[in-house]
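Enquirer: This is the structure, below, for whatever I ask next.
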Amino acid sequence: MDSLPIQSKMDCSCMELALEGERQCKAGDCRTGVQFFEAAVQSGTDDLKTLSAIYSQLGNAYFYLQEYGKALEYHKLDLSLARTLGDKVGEAKASGNLGNTLKVLGKFDEAIACCNRHLEISRELEDKVGEARALYNLGNVHHAKGKHTGRCGDQDPGEFPPEVKDSLQKAAEFYELN
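Per the UniProt record's numbering, the very first residue in the sequence shown carries number 1; after that it's consecutive.
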């Protein structure tokens, strides 16, 4: 596929387009990867697990490109499909991706809810790697929330309101659990 011009590559099947998008992203060209993933979605597929994977990859690519609104859109689509399919592993991963995206957007309470869902499913599935990721992400969200809240206050330097201390304490607890 390497010798074909981009337009010729765009005439391939959904799976071929998705694989090329993945290859482009792994090579560091997420912008081109996104074009292939978008073309894969446009070409269509009856395989909802494949579509879910493409949505996830699109969300991750847009996150990498710092286009957080688009990342959020695709991670929500991925979560919806995972739930429709009854795919608990996919739901856990999509919840984690949503949590990370919401954190960057400053929507800390929504991010915490998503990370908690990721943790809950990972524990239910006895997925230790997923559990560790969820705990780490929960620590990151609480840490970011504490820093954000601390910057927004009118307190004296070195003094923090209770909600900042609470967020930072929770961050430390989740990091320790991880």
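For glycine and all other residues, C-beta sits at the position ideal for the given N, C-alpha and C.
Tell me whether Ser13 is buried or exposed, calling it buried when 16 or more other Cβ atoms sit within 10 Å of its Cβ.
Expert: Stepping through the sequence shown from its first residue, residue 13 is reached at position 13. Exposed, by the Cβ-count rule.
Enquirer: Pull up the distance between the alpha-carbon of Leu51 and that of Lys147, whole angstroms please.
Expert: Taking the sequence shown and counting its residues from 1, one reaches residue 51 at position 51. Taking the sequence shown and counting its residues from 1, one reaches residue 147 at position 147. Rounded to whole angstroms, Leu51 to Lys147 spans 37 angstroms at the Cα level.
Enquirer: Just how far apart, CA to CA, sit Arg31 and Glu73?
Expert: Locating residue 31 in the sequence shown gives position 31, counting from the first residue. Locating residue 73 in the sequence shown gives position 73, counting from the first residue. So the two alpha carbons sit approximately 17 angstroms from each other.
Enquirer: If you drop the 5 nearest sequence neighbours on each side, which residues of the same chain put their C-beta closer than 6 angstroms to that of Asp127?
Expert: By 1-based counting over the sequence shown, the position of residue 127 is 127. Once the five neighbours on either side are set aside, Asp127 has no close Cβ partner at all.
Enquirer: Does DSSP classify Leu125 as helix, strand or coil?
Expert: Here residue 125 corresponds to residue number 125 of the sequence shown, with the count starting at 1. Here Leu125 carries a coil assignment [DSSP, helix/strand/coil].
Enquirer: Does Lys107 come out as helix, strand or coil in the three-state DSSP assignment?
Expert: As a first step, residue 107 is located in the sequence shown; it is residue number 107 there, counting from the start. Coil, per DSSP.
Enquirer: Can you find the residues in the same chain that come closer than 6 angstroms, C-beta to C-beta, to Leu58, ignoring five residues on each side of it along the sequence?
Expert: Here residue 58 refers to the residue found at position 58 when the sequence shown is read from its first residue. Excluding sequence neighbours, Leu58 sits near Phe37, Tyr74.
Enquirer: If we call anything under 8 angstroms between Cβ atoms a contact, is Cys115 one with Leu138?
Expert: Position 115 of the sequence shown, counted from the first residue, corresponds to residue 115. Position 138 of the sequence shown, counted from the first residue, corresponds to residue 138. It is a contact, given that the beta carbons lie within the stated cut-off.
Enquirer: Can you give me the C-alpha to C-alpha distance between Leu125 and Leu177, rounded to a whole angstrom?
Expert: Along the sequence shown, read from residue 1 onward, the residue named residue 125 stands at position 125. Along the sequence shown, read from residue 1 onward, the residue named residue 177 stands at position 177. Answer to the nearest angstrom: the Cα atoms are 18 angstroms apart.
Enquirer: Compute the beta-carbon to beta-carbon distance between Ala61 and Val34, rounded to the nearest angstrom, for a pair I have assumed lies under 8 angstroms.
Expert: Indexing the sequence shown from 1 puts residue 61 at position 61. Indexing the sequence shown from 1 puts residue 34 at position 34. Contact holds; Cβ gap of about 5 angstroms.
Enquirer: Alpha carbon to alpha carbon, how far is Asn100 from Gln24?
Expert: Translated into the one-based positions of the sequence shown, residue 100 becomes position 100. Translated into the one-based positions of the sequence shown, residue 24 becomes position 24. Roughly 23 angstroms separates the two Cα atoms.
Enquirer: Give a yes or no on whether the C-beta atoms belonging to Ala113 and Ser122 are separated by under 8 angstroms.
Expert: Taking the first residue of the sequence shown as position 1, residue 113 is located at position 113. Taking the first residue of the sequence shown as position 1, residue 122 is located at position 122. The answer is no: Cβ separation not under 8 angstroms.
Enquirer: Would you grab the beta carbon distance between Leu85 and Leu48 for me? Rounded to a whole angstrom, and I think it's under 8 angstroms.
Expert: Position 85 of the sequence shown, counted from the first residue, corresponds to residue 85. Position 48 of the sequence shown, counted from the first residue, corresponds to residue 48. About 6 angstroms separates the two Cβ atoms, so the contact holds.
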